[in-house]
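J.:
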Amino acid sequence: MADMDGILENKDKDYGIGTPVATNNYHLKGLEGTDWGIRDRMSRIFRPSTGKTVMLAFDHGYIMGPTSGLERLDLGIAPLIKYADSLMCTRGSLRSVVPANSNKAICLRYSAGSTILTELNNECVIDPIDAVRLNASALAVMISAGGTYEALTIKNLVKAADYGYKYGIPTMGVTAVGTQMARDSKYFGLASRVAAENGANIVKTYYCDGFAKVVNACPVPIVIAGGKKLPELEALELCYVAINEGAAGVDMGRNVFQSEAPEAMIQAVSAVVHEGLSAKQGYEMFLDLK
Ligand code: R5P
């Protein structure tokens with residue numbers, strides 16, 4: 077057992093007796109039961125130093141077409157990429173405007189199939205091999221709890237999570253809100269928990285009153301969508317309260333790319349999310365940078 081003796085000797089000398097060499101103290105909740113590939117990709121999305129992410133969302137065109145701020149993806153998005161931790165986009169925009177040497181975690185829009193012109197959420201999922209080919213760090217799937225397509229969308233999430241566990245890619249459950257749904261903690265709590273229980277490793281939902289309850293009842297990290305364009309200070313306040321009530325980051329689109337100064341805005345958002353700036357400090361930073 078000479079080898080074993082050697083290992084023990086080295087361990088005593090280099091690390092001290094009893095100090096664990098490896099640790100399972102992950103920077104995110106919900107990772108204990110997952111495989112290495114999922115943990116690695118989650119660590120690409122969420123900075124290990126803060127446990128948080130600024131995910132730049134620009135998948136809107138898959139249902140809305142060329143929405144305001146995204147008429148020219150090459151001009152609207154390309155300059156922002158370097159400031160984001162991760163990018164949420166379709167495979168179409170990824171292949172057209174995101175350089176492969178950007179080295180950003182990709183949260184791939186994985187469910188699709190309808191537009192704002194008809195009933196939303198009647199979706200299918202894309203081929204998992206294409207997600208592997210694109211080196212996706214997560215598969216984003218819409219679920220519509222309580223909506224007409226509830227069963228279909230939850231089956232899509234289940235399918236994505238099955239593929240995700242097979243290939244080591246996390247799934248992000250994206251909670252849709254129908255017009256008839258209350259935007260409250262009861263609804264978002266239910267939708268988020270359903271997504272996580274069905275296999276999502278990340279949940280994207282909306283901030284609401286009682287948001288901490290939604291976070292606490294969800295066994296995986298939650299990121300919040302920005303929603304419709306707000307004045308910059310209000311958007312930064314939204315980031316601040318969400319982070320302080322337990323969000324693991326933001327998945328923000330319109331409040332960045334529709335801002336009067338998108339590059340300044342994403343840097344201010346990042347400072348609130350990662351550096352603990354207040355909304356007011358973030359806004360001052362935005363004014364300085366713009
Ligand atoms: C909507 O189609 C997408 O899921 C968006 O990625 C998401 O809503 C975040 O974008 P925004 O901050 O503009 O709501």
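For the sequence shown, this note's numbering assigns the number 77 to the initial residue and increments by one for each residue that follows.
We put the beta carbon where it would ideally sit given N, CA and C, even for glycine.
#1: Decide yes or no for the touch test of the stretch 222 to 234 against the stretch 195 to 203: beta carbon pairs closer than 8 Å, at least 3 of them.
#2: I'd like the ranges of any alpha helix (DSSP H) spanning at least 4 consecutive residues and lying wholly in the stretch 240 to 275.
#3: Please work out which residues of its chain come closer than 7 Å, Cβ to Cβ, to PHE264, disregarding the five sequence neighbours upstream and downstream, and give them in chain order.
#4: Please tell me whether ILE157 and LYS180 are closer than 8 Å, where the distance is taken between their beta carbons.
#5: For the beta strand (DSSP E) containing CYS165, list its first residue and its last residue.
#6: Enumerate in chain order the residues of its own chain whose CB-to-CB distance from PRO96 is below 6 Å, with the five nearest sequence positions on each side excluded.
#7: On the three-state DSSP scale, how would you describe ILE342?
#8: Which same chain residues end up closer than 8 Å to GLY113 when comparing Cβ atoms and leaving out the 5 residues on each side of it in sequence?
#9: Please find out if some non-hydrogen atom of ligand 1 comes closer than 7 Å to the beta-carbon of MET248.
#10: Among ALA323, GLU313, ALA207, GLU308, whose alpha-carbon lies nearest the alpha-carbon of ASN292?
#11: Please indicate yes or no: does the CB of GLY329 lie closer than 7 Å to some heavy atom of ligand 1?
#12: With a Cβ-Cβ cutoff of 8 Å, do ALA276 and GLY249 count as a contact?
#13: In the structure shown, what three-state DSSP assignment does ASP327 receive?
#14: Taking only runs of the beta strand (DSSP E) that begin and end inside the stretch 113 to 157, which ones reach a length of at least 3 residues, in chain order?
#15: For LEU363, which residues from the same chain have a beta carbon less than 6 Å from its beta carbon, with the 5 sequence-adjacent residues on both sides left out?
#16: Taking only the alpha-carbon atoms, compute the straight-line gap between CYS183 and THR247 and give it to the nearest angstrom.
#17: In angstroms, rounded to a whole number, what distance separates the CA positions of ALA78 and LYS105?
#18: Comparing the CB of GLY303 with every heavy atom of ligand 1, is any distance shorter than 7 Å?
#19: Compare the C-alpha of GLY127 against each of GLN343, ILE319, THR143 and name the closest.
T.: For this structure:
#1: Three or more Cβ pairs drawn from the stretch 222 to 234 and the stretch 195 to 203 lie within less than 8 Å of each other, which places the two stretches in contact.
#2: If we require 4 residues or more, the alpha helix (DSSP H) runs fully inside the stretch 240 to 275 come out as 261 to 273.
#3: As a working note, residue 264 is residue 188 in the sequence shown. Setting aside the 5 residues that flank it on each side, PHE264 is surrounded in the same chain by THR251, THR281, TYR282, CYS284, VAL290, each with a C-beta closer than 7 Å to its C-beta; the list follows chain order.
#4: Against the sequence shown, residue 157 aligns to sequence position 81. Against the sequence shown, residue 180 aligns to sequence position 104. Yes, they are a contact pair.
#5: Indexing the sequence shown from 1 puts residue 165 at position 89. Run containing CYS165: 162 to 165, per the beta strand (DSSP E) assignment.
#6: In the sequence shown, counting from the first residue as 1, residue 96 sits at position 20. Reliability fails at PRO96, whose pLDDT of 45 lies under 50, so the model's placement of it is uncertain and the value that follows must be treated cautiously. Excluding positions up to five away in sequence, the list is empty.
#7: Sequence index remark: in the sequence shown, residue 342 carries index 266 (1-based). When secondary structure is reduced to three states using DSSP, ILE342 falls in the helix class.
#8: Start at 1 with the first residue of the sequence shown, and residue 113 comes out as number 37. Excluding residues within five positions, the ones whose Cβ falls inside 8 Å are TYR243, GLY244, ILE245.
#9: By 1-based counting over the sequence shown, the position of residue 248 is 172. No, ligand 1 has no heavy atom inside 7 Å of this Cβ.
#10: Stepping through the sequence shown from its first residue, residue 292 is reached at position 216. Of ALA323, GLU313, ALA207, GLU308, the residue nearest in Cα terms is ALA323.
#11: For the purposes of this step, residue 329 is taken as residue 253 along the sequence shown, with counting starting at 1. Set against 7 Å, the gap from the CB of GLY329 to the closest heavy atom of ligand 1 is smaller.
#12: Position 200 of the sequence shown holds residue 276. Position 173 of the sequence shown holds residue 249. Result yes, Cβ atoms of ALA276 and GLY249 sit closer than 8 Å.
#13: Numbered from its first residue, the sequence shown carries residue 327 at position 251. ASP327 falls in the strand class under three-state DSSP.
#14: Complete beta strand (DSSP E) runs here, min 3: 129 to 133.
#15: Indexing the sequence shown from 1 puts residue 363 at position 287. Non-local C-beta neighbours of LEU363 in its own chain, meaning closer than 6 Å and more than five positions away in sequence, are absent.
#16: The residue given as residue 183 occupies position 107 in the sequence shown. The residue given as residue 247 occupies position 171 in the sequence shown. Spanning the two alpha carbons is a distance of roughly 9 Å.
#17: Walking along the sequence shown from the start, residue 78 turns up at place 2. Walking along the sequence shown from the start, residue 105 turns up at place 29. Low per-residue confidence applies at ALA78: pLDDT is 41, beneath 50, and the placement is therefore not dependable, though the value from the model is reported in the following sentence. Taking the straight line joining both Cα atoms gives about 40 Å.
#18: Locating residue 303 in the sequence shown gives position 227, counting from the first residue. Yes, since a heavy atom of ligand 1 falls inside the 7 Å radius drawn around the Cβ of GLY303.
#19: Against the sequence shown, residue 127 aligns to sequence position 51. Proximity to GLY127 across GLN343, ILE319, THR143 peaks at ILE319, based on C-alpha coordinates.
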